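Heads up: take any position in the sequence shown, counting from 1, add 259, and you land on our numbering.
Written below as structure tokens is the structure these notes are about.
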Amino acid sequence: MSRGGTAALGAVLLSVLAVPAHDAAAAPAEVNSAAVQAGSAAKAQKLPAPDVAGLRAVLRTALTQGAPGAVARIDDRGAVHKVTEGVADKGTGRAISTADRFRVGSVTKSFSAVVLLQLVDEGALALDTSVNTYLPGLLPDDNITVRHVLSHRSGLYDYTNDMFEHTVPGFEAVRNKVFSYQDLVDLSLKQPLGSAPGAAYSYSNTNFVVAGMLIEKLTGKPVRSAYQSRIIKPLGLKDTFYVHPGTAVPGKHARGYLTPDEAGAPLIDSTEQTVSWAQSAGAVISSTRDLNTFFSALLGGDLTSAEQLSQMQKWVPVNSTQGYGLGLRRRDLSCGVSVYGHTGTVQGYYTYSFTSKGGGRTVTALANTSNNGTVLTTMAGTLESTFCGKPAKAAATRGEARVERYEDIAPGVARD
């Protein structure tokens, strides 16, 4: 196992109050304001019909590469497509279902960002203010702003590089452990900043640990309460939970299977864990239906003001086909369509959850394994089948050749 030098580049309904003007110099280098469009015009974006057969082929390929099961659900302006392959539980052989709950990993970051942007709407927070203004003395540089944290431009070291340098031993060491937020920040601060605040995109789970601390300081309540009152309850999400530090996934769920680093070693059932190593960076549990509802509502303008949705979509480059906003990813597909959402990796689960401009068509795809870069890359093909359709399949095949990077966990550890 070798360590990379820097993080890889290529892993609620509230009244609106006036917020401070933003310092233009603090904004990300690349801004795509055209990505934010109002109301019905955006919702009516014309897309080719989903390639459901192609979607099934992607899931079947993931199974041949080591995933016990894989699912995808498309919600498209009232039409629903559900595709499933394989099993939710290797022990019982139960078939996996799109109704199964699962750990969403870093999709949690979008939930955390929404809460903070709502607090901006309320006038309780300003994006270009130092984090240390709200959490005095927490970070080593007063120049690290809330915007830097939410866009992964703080320079804060990702402690998961050390925690999960060796995949299974690292997981077993923390699966039942309970950390405080301060514990996790302290692990990060054992290493110096990787870059000056605002200088460069460098994915770090530490950023969204800080986001959780901001949520709890400004609301006076646990992160769980903020998710529940501001997102889960208003959207009527029935399968979405934040159970930390509990270890069980409530109700019917897909079990997660972690791939060891050693070739040929058996998969490890990683379903039960505290996910305390991630918390507001990755501990939410949900379902394909609920995540589709969430991202459709977010890009449809139902969770924040138009101004904060615009701020969320000020992109910094990740690579030639991806950008990162504020807790939100943009992916540019082979057919010229851009989609918005987040990826998620937590031990035993890979998630892709993305929606079209305006939220009209949304897909969430899951494979119940992780630490398998081949499956991770294959599952990216669910976006091509969903949003590009059959006419784009030749181009989509070329797009799928791009290797997905491990970024959501231990982004500085080279595994391939």
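Heads up, the beta-carbon is just placed ideally off N, CA and C, and yes, glycines get one too.
The structure presented is a predicted model; accordingly, all values stated were derived computationally and were not measured.
DSSP places F467 in the uninterrupted alpha helix (DSSP H) bounded by N464 to T478. Per DSSP, N627 has no beta-bridge partner at all. For V596, the three-state secondary structure derived from DSSP is coil. Boundaries of the alpha helix (DSSP H) harbouring T645: G640 to F646, taken from the DSSP string. For L394 against L446, the beta-carbon gap comes to about 17 Å, at or over 8 Å, which does not count as contact. A straight-line Cα-Cα distance of about 28 Å links A358 and R664. Pairing I668 with P481, the inter-Cα distance amounts to about 24 Å. With respect to R589, G582 sits close: the two C-beta atoms are nearer than 7 Å.
In this structure, the alpha-carbon of S371 lies about 28 Å from that of G328.
For the pair K436 and A326, the Cα-to-Cα distance works out to about 27 Å. Cα atoms of V634 and T392: separation of roughly 42 Å, rounded to the nearest angstrom. According to DSSP, V390 shares a beta bridge with no other residue. Around the beta carbon of S439, fewer than 16 other beta carbons sit within 10 angstroms, so the residue counts as exposed.
When the Cα atoms are used, Q538 and R406 turn out to be separated by approximately 20 Å.
Per the coordinates, the alpha-carbon of T506 lies some 11 Å from the alpha-carbon of R362. When DSSP assignments are scanned along the region 369 to 444, the uninterrupted stretches of alpha helix (DSSP H) that are 4 or more residues long and fall wholly within it turn out to be 390 to 393, 405 to 409, 419 to 422 and 426 to 433.
Put simply, the region 554 to 573 does not touch the region 635 to 645. Fewer than three CB pairs are less than 8 Å apart.
Residue nearest to S461 within the set S615, H512, H425 and L409 is L409 (criterion: CA-CA distance).
Under the three-pair Cβ rule at 8 Å, the region 452 to 469 does not count as touching the region 520 to 528.
A contact is defined here as three or more CB-CB pairs under 8 Å, and the region 396 to 404 fails this definition with respect to the region 495 to 510.
Under DSSP, the beta-bridge partners assigned to H512 are R360.
The beta-carbon distance between V374 and R483, rounded to whole angstroms, is 11 Å. This is too long to meet the 8 Å contact definition. By the Cβ rule, the region 337 to 349 does not count as touching the region 375 to 383, because fewer than three pairs are nearer than 8 Å.
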